[in-house]
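Student: So that we are looking at the same thing, I have put the structure below in structure tokens.
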Amino acid sequence: RYDGDACFGGVTVYTLAGFQATNGFPNGFWGWGGEDNAQFLRCVARRLTLERVAGCCFDDLEGIDTVEEKLRLLDVAGARCSSKDKRYLLKENAKDNRWRRDGLNSAAFEVVGGVETPLPLPPVSHPSPVRAHPGGDGDAPACLRGAHVTFLLLAAITDA
1 RYDGDACFGG VTVYTLAGFQ ATNGFPNGFW GWGGEDNAQF LRCVARRLTL ERVAGCCFDD
61 LEGIDTVEEK LRLLDVAGAR CSSKDKRYLL KENAKDNRWR RDGLNSAAFE VVGGVETPLP
121 LPPVSHPSPV RAHPGGDGDA PACLRGAHVT FLLLAAITDA
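Mapping to the UniProt record's numbering: the sequence shown position 155 is 155, numbers consecutive.
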């Protein structure tokens, strides 16, 4: 659906250390759009190795073929972060290393349920368009783990 060379997000695999090094995703974005751009900037700031894997296959669970169709559906639902809001949030995320304070370390939530799912597949046999991990291929996980978690968001970032 997207130009692989110009896109970061969608399907991204991290090591735990890599995701923690970026402080996770920013909490201030809403709707669809922008959080992947902010996450890319966090990866660059932490000098993570980014690897784009060509020729991988994955199932598009939404069944949407084009970016235009996706944006139209988001607009109908009122679920797209506007370009103006997106630019503001990206600027705020980069200001004074705010990303160090806005993310995993500032999210407040309560876990209300969850199930861990082991996926014993080496990353090379289950590639993704982008993998982000510190130190190159040597830090890639031996297996992947997934989880289905239900949580209640108690608070995100403030404008302070």
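Each residue gets a CB set at the ideal place from its N, CA and C atoms; glycine is no exception.
Could you round the C-beta distance between ASN105 and PRO26 to whole angstroms and report it? I think they count as a contact, below 8 angstroms.
Tutor: Actually they are not in contact, since the Cβ atoms of ASN105 and PRO26 sit about 12 angstroms apart, beyond 8 angstroms.
Student: Tell me whether LEU50 sits in a helix, a strand or coil according to DSSP, three-state version.
Tutor: strand
Student: I need the straight-line Cα distance from ALA45 to THR22, nearest angstrom please.
Tutor: Using only the alpha carbons, I get a separation of about 8 angstroms.
Student: Determine the closest residue to GLU51 out of TYR88, SER83 and GLY9, with distance taken between C-alpha atoms.
Tutor: Selected option, being the one with the closest Cα: GLY9.
Student: Is it true that the CB of VAL112 sits closer than 8 angstroms to the CB of LEU152?
Tutor: yes
Student: Using a 10 Å radius around the Cβ and a threshold of 16 neighbouring Cβ atoms, would you call GLU35 buried or exposed?
Tutor: buried
Student: In whole angstroms, what separates the C-alpha of ARG47 from that of GLN20?
Tutor: 13 angstroms
Student: Quick check on CYS81 - is its C-beta less than 8 angstroms from some C-beta in chain B?
Tutor: The chain inventory of the structure shown lacks chain B, comprising one protein chain alone.
Student: With distances taken Cα to Cα, identify the nearest neighbour of GLY103 among LYS86, GLN39 and SER83.
Tutor: GLN39
Student: Out of curiosity, what's the CA-to-CA distance linking ASP85 and GLU110?
Tutor: In this model, ASP85 and GLU110 are separated by some 28 angstroms (Cα to Cα).
Student: On a CA-only basis, which of VAL13, TYR14 and GLY24 is nearest ARG100? Give me that one, please.
Tutor: GLY24
Student: Can you name, in chain order, every residue of its own chain whose Cβ lies under 6 angstroms from the Cβ of LEU74, other than the five neighbours on each side?
Tutor: TRP32 and ARG80
Student: What is the rounded straight-line gap between the Cα of VAL11 and the Cα of THR150?
Tutor: 20 angstroms
Student: In the DSSP assignment, find the unbroken alpha helix (DSSP H) run with VAL11 in it and report its ends.
Tutor: Segment: none, VAL11 is in no alpha helix (DSSP H) and carries neither H nor E.
Student: Counting only the same chain and skipping the five closest in sequence on each side, list residues whose C-beta sits under 7 angstroms from that of ARG98.
Tutor: The beta carbon of ARG98 sits closer than 7 angstroms to the beta carbons of GLU92 from its chain, once the five residues preceding and following it are set aside; these are given in chain order.
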